[in-house]
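*Asks:* For reference, the structure I am asking about is given below.
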Amino acid sequence: MAFDGLMLHVVTKELNKELVNGRIDKIYQPTKQMLLMHIRSGRENRRLLISAASDGARLHITEDHFTNPLQPPAFCMLLRKHLEGGRIVNFEQHGLERMVSLKIAAFDEFGEPTTRILQCELMGKHSNILLLNETMQIMDSAKRFSGATNHYREVLPGLPYIPPPAQEKLDPFSLTEDMMVEMLFRVGLDKQLHRALLIILAGFSPQSCKEAVDRADLSSTITVDQCGQYEFSRLWQSLQELLQEAKNNSYQPTLIRNKDGYTAYSIFNLQHLNGEKEQLPSANQALDRYFQAKRQEQQFKELRHLLQVQTEKAMSHTSKKIAINKQKLQDASDAEQMRLFGEIITANIYQMHRGQQELTAENFYTGESVTVPLKVNFSPSENAQRYFKRYAKAKQGGKIAANFLKKATNELDYLGSIHQAISTSDSLADLREIYQELLELALIEEKNTKNKKQKKKADIPYSQPRQYLSSDEIPIMVGKNNRQNDLITLKTAKPEHLWLHVKDIPGSHVIVLSDDVPQSTLEEAALLAAYFSKAQDSANVPVDYTLVKHVRKPRGAKPGMVIYDHQKTVYATPDLSLVQSLSHK
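Sequential numbering of the sequence shown, starting at 1, is according to UniProt numbering.
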């Protein structure tokens with residue numbers, strides 16, 4: 001990706017066209033390093049995003065939505081005081097540096113017209129956003145630092161504004177071919193050509209330099225000393241082509257993507273990068289599309305991690321409960337010996353006395369000799385009662401443990417279905433449904449609930465289940481999570497449709513939307529059921545299938561939990577290539 005000087009050059013031109021004379025209605029600061037300005041321009045409401053984040057410094061119009069803090073930061077309050085109600089005069093880039101001055105016609109504390117400047121320094125980890133008055137004095141900034149951390153300049157309220165040090169590079173718009181060649185030789189003969197260009201040209205990122213070399217039909221590894229008049233001439237022509245596109249508004253904002261998402265953006269129709277190309281009408285739209293997607297990817301990763309951690313924590317806790325109750329059941333099974341000891345003491349009580357340490361007598365069930373330990377400070381009768389009480393307690397504990405064990409086992413199966421759904425989710429909407437499910441189970445605490453009304457369950461929109469067409473062109477639906485499993489099985493499917501699920505393993509519900517299912521479609525549906533389950537990496541996975549009318553949900557059962565009968569079983573081995581071969585609707 002490349003938010004370089006050329007990209008900012010084009011973005012600035014677009015902003016001057018779209019937002020000049022626009023009125024600043026509201027200012028928000030979603031994060032410490034991001035501003036969002038609501039601007040009324042040309043009878044339209046626009047949102048200008050300014051980010052000083054080290055991994056995403058940029059400036060563009062956005063359609064994205066952000067969550068704002070309940071209490072606006074001090075910098076945001078200052079901007080509201082001085083800029084809201086003001087009108088945008090212009091956006092001015094400083095050469096091809098990644099710096100833009102947003103000039104605003106505003107009013108001072110006495111209501112008198114004045115000028116305010118929002119200085120946007122968009123230079124990676126050195127990025128910042130500063131509010132300046134009409135005399136270029138710093139009023140405040142998103143990031144403050146003193147001379148102790150920066151020996152070149154201080155950024156503190158009340159100090160005069162000093163721009164970052166200028167890069168000693170050439171303006172490509174005023175460059176001549178001879179000057180270019182001379183400077184390339186000065187950089188070093190052993191330098192790769194695209195790296196040498198990066199050193200001498202202002203506004204060019206590594207990506208733009210590589211594009212220039214590629215458009216010149218030169219090797220990506222060619223060095224300066226391998227270039228002659230022909231190569232330099234080709235390079236000069238490709239540079240002029242890029243510069244004219246940027247200057248004459250003939251650029252083609254382009255996004256590059258692969259199977260995992262967007263990998264690059266540019267104002268140019270990039271030739272040197274592989275991947276699917278997506279062209280957009282403006283540089284602002286390209287930036288917004290790219291960073292929206294990246295933000296969603298990050299949110300997806302963070303939410304999936306949170307859900308996995310919380311689910312695994314709950315599964316671990318439930319597994320411990322199962323182990324404890326299994327031990328209690330084992331203790332209950334051993335309780336028969338306590339009853340036997342009590343009966344043996346009772347049968348031999350006439351020949352016993354207080355202070356006796358043990359009793360050796362015949363087990364009247366087996367005829368074998370058995371030794372019964374005794375409490376020396378107990379009478380024979382008290383020893384017998386002690387064993388009978390231990391027996392009764394263990395048996396009662398066993399009954400309770402059996403009930404708890406059944407509940408805990410069902411709970412572990414349910415949590416396993418959630419964990420499996422998390423691992424196969426492929427969209428933020430899917431994960432948000434699972435988040436809501438965990439929220440209702442109190443496995444997750446909702447953040448920022450102050451002054452918020454929680455959405456009712458019915459208000460949360462369903463995401464779409466996976467949909468396939470079998471080789472017989474019969475639709476097949478696959479639930480992505482428990483909420484969807486309930487939806488497709490209990491509401492969408494008809495009684496005569498076919499329902500499938502892996503046997504005794506967490507997995508997705510699969511519905512074949514037909515009352516006449518050929519063997520080939522049955523096998524493909526079973527393949528989907530096996531693949532979208534915890535047995536994804538296994539072979540010969542048993543998959544139960546039955547008609548939907550034989551599937552029912554017990555009263556009070558958790559989402560996705562059903563019981564069924566009249567089932568038959570087919571075996572399937574999960575195979576990603578076969579899943580992908582099915583037509584995906």
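Think of the CB as a built atom: it goes at the ideal place given N, C-alpha and C, for glycine as much as any other residue.
Indicate the three-state DSSP secondary structure (helix, strand or coil) for Met136 in the structure shown.
*Replies:* coil
*Asks:* Identify the residues that DSSP records as bridge partners of Tyr545: which are they?
*Replies:* Leu500, Lys568
*Asks:* Counting Cβ pairs, one atom from each stretch, are 3 or more of them under 8 Å apart for the region 407-414 and the region 464-476?
*Replies:* no
*Asks:* For Leu243, which residues in the same chain have their Cβ closer than 7 Å to its Cβ, ignoring the five residues on either side in sequence?
*Replies:* Pro172, Phe173
*Asks:* Buried or exposed: where does Thr12 fall if 16 or more other Cβ atoms within 10 Å of its Cβ makes it buried?
*Replies:* buried
*Asks:* Skipping 5 residues on each side, what residues in its chain have a beta carbon closer than 7 Å to that of Ala57?
*Replies:* Excluding sequence neighbours, Ala57 sits near Phe3, Ser51, Leu122, Met123, Gly124, Ser127.
*Asks:* Which residue marks the beginning of the alpha helix (DSSP H) containing Ser316, and which one marks its end?
*Replies:* 283-333
*Asks:* Could you give the distance in angstroms between the alpha-carbon of Ala401 and the alpha-carbon of His317?
*Replies:* 16 Å
*Asks:* State yes or no: is the C-beta of Leu19 within less than 8 Å of the C-beta of Leu36?
*Replies:* no
*Asks:* On the three-state DSSP scale, how would you describe Thr114?
*Replies:* strand
*Asks:* Can you tell me the Cβ-Cβ gap for Thr221 and Asp190, rounded? I've got them flagged as a contact below 8 Å.
*Replies:* That belief does not hold up - the Cβ atoms of Thr221 and Asp190 are roughly 12 Å apart, past 8 Å.
*Asks:* Between the C-alpha atoms of Leu201 and Lys169, what's the straight-line distance to the nearest angstrom?
*Replies:* If you draw a straight line from the Cα of Leu201 to the Cα of Lys169, it is about 5 Å long.
*Asks:* Is Ile345 near the ligand GTP - that is, is its Cβ less than 7 Å away from at least one heavy atom of it?
*Replies:* Among the components of this structure there are no ligands whatsoever, and the ligand GTP is therefore not found.
*Asks:* Considering only DSSP beta bridges, list what Glu278 is partnered with.
*Replies:* Leu255
*Asks:* Can you give the Cα-Cα distance for Pro495 and Ile267, rounded to whole angstroms?
*Replies:* 55 Å
*Asks:* Helix, strand or coil for His38, going by three-state DSSP, please let me know.
*Replies:* strand
*Asks:* Using 8 Å as the cut-off, can you tell me whether the region 528-542 makes contact with the region 572-584, which would need three or more C-beta pairs spanning the two stretches below that distance?
*Replies:* The region 528-542 and the region 572-584 touch, with no fewer than 3 CB-CB distances between them shorter than 8 Å.
*Asks:* Kindly list the residues whose CB is nearer than 8 Å to the CB of Arg304, restricted to its own chain and excluding five residues on each side of it in sequence; keep chain order.
*Replies:* Ile422, Ser425, Leu431
*Asks:* In chain order, what are the residue ranges of uninterrupted beta strand (DSSP E) at least 3 long that sit wholly in the region 375-452?
*Replies:* none
*Asks:* Is it buried or exposed for Thr371, if we count other Cβ within 10 angstroms and need 16 for buried?
*Replies:* exposed
*Asks:* Relative to the C-alpha of Leu79, which candidate in Glu63, Asn274, Thr360, Ile27 has its C-alpha closest?
*Replies:* Ile27
*Asks:* One question on the structure: do Ile104 and Leu118 come within less than 8 Å of each other, judged by their Cβ atoms?
*Replies:* Cβ atoms of Ile104 and Leu118: closer than 8 Å.
*Asks:* By Cβ distance below 7 Å, which residues in the same chain neighbour Val562 in space, the five residues on each side in sequence not counted?
*Replies:* Thr489, Val551, Arg552, Lys553
*Asks:* Relative to the C-alpha of Ser417, which residue among Leu405, Ile434, Ala429 is closest?
*Replies:* Ile434
*Asks:* Please classify Ile474 as buried or exposed, where buried requires at least 16 other C-beta atoms within 10 Å of its C-beta.
*Replies:* buried
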